[in-house]
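Everything on this sheet refers to the single structure shown next.
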Amino acid sequence: IVAARAAPSYGATDAHGEQQQPAAEAARGSATCASVLCRSALCRQLGVQWRRLRALPVSFWLFSIVQALFVSVVFPLQSLGVSWVTELYHYTQDDAAQLILIVPLTAMVLSAPAGVVLDRF
């Protein structure tokens, strides 16, 4: 049986309409926040624990970085690539589109083997 985590209870509102926390919850919330940016009421309400993010395996972070780099290259290439290849290399629209299509087709073919490799290591 899984017990549901109780939502934090907050006190009354102050003169500005902002909610006040009990002192024990405020201290616990600021202890879980790792940076000055995360000392807001939203951080305490959501219970952000930066230690949990740092505990994720290296493979997760490598995959995230590779995915972000891939997406940052592929989407601009797909939207601007045909006109760029047509203008720069004087290809026809059809030839330029076929050339630009190589990147997503290669990603589609290599995604399964890359998944197997990532699962094993």
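When we follow my numbering, the leftmost residue of the sequence shown carries the number 8, and every step to the right adds one. Note that CB positions come from ideal geometry on N, CA and C, so glycine has one too.
Would you mind giving the Cβ-Cβ distance between residue i and residue j, rounded to the nearest angstrom? I have them listed as a contact below 8 Å.
i	j	result
A103	V89	5 Å
Could you check if residue i is buried or exposed, using at least 16 other CB atoms within 10 Å of its CB as the buried criterion?
i	result
V124	exposed
I131	With the chain covering 8 to 128 only, the question about residue 131 has no answer from this structure.
V78	exposed
Apart from the five residues on each side of it in sequence, which residues of its chain come closer than 7 Å, Cβ to Cβ, to residue i?
i	result
L84	I107 and V110
S86	none
Grab me the residues of residue i's own chain with a C-beta within less than 6 Å of its C-beta, minus the 5 sequence neighbours each way, in chain order.
i	result
L63	none
With DSSP run on the structure shown, which of helix, strand or coil describes residue i?
i	result
Y98	coil
A103	helix
A75	helix
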